[in-house]
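A short worksheet on the structure shown next.
Numbering (my numbering), first residue to last: 2 to 139.
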């Protein structure tokens with residue numbers, strides 16, 4: 002028996018899964034991943050992240066492109082990024098739990114990306130949350 006994404010509210014369809022997995026695939030490509038990642042976002046998308054410890058909000062494609070280019074340019078050597086699971090939250094947001102290891106970082110990082118997609122499976126909002134941080138509520 003196959004699962005039909007329209008019949009099961011929690012199901013994640015192939016296009017939605019491809020978008021979320023595409024975000025991680027772009028990161029793995031380093032600086033070559035900027036353009037592939039940007040194709041996944043709407044022009045008016047919002048990204049929140051707290052990589053420096055302070056929550057920052059980036060609105061619109063130009064600001065998100067600058068963030069992505071900066072982040073992917075200086076990835077730690079030997080970065081291994083693993084998606085542990087992708088699930089749908091009660092509000093419809095997709096949550097991707099991940100872990101990352103690198104040669105220069107003794108312990109793995111862990112976190113969750115909360116992804117809101119539009120009807121075309123493009124990213125409308127992405128909240129990148131590291132373990133120990135809270136998901137933004139705005």
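C-beta atoms are modelled at their ideal positions from N, C-alpha and C, and glycine is treated no differently. Quantities reported herein were computed from a predicted structural model and do not represent experimental measurements.
DSSP places residue 109 within a strand segment (E or B) once states are collapsed to three.
When rounded, the separation of the alpha-carbon atoms in residue 66 and residue 40 is 10 Å. Shown here for residue 68: same chain residues with a beta carbon closer than 6 Å to its own, the five before and five after excluded, namely 59 in chain order.
In this structure, the beta-carbon distance from residue 115 to residue 96 falls below 9 Å. Short of 7 Å from the beta carbon of residue 135, and not among the five residues preceding or following it, lies no beta carbon of its own chain. Spatial neighbours of residue 131 in its own chain (CB-CB distance under 6 Å, excluding positions within 5 residues in sequence) are listed in chain order as 112. In this structure, the beta-carbon distance from residue 46 to residue 61 falls below 9 Å. Bounds of any beta strand (DSSP E) do not take in residue 22; it lies within the alpha helix (DSSP H) bounded by 15–29.
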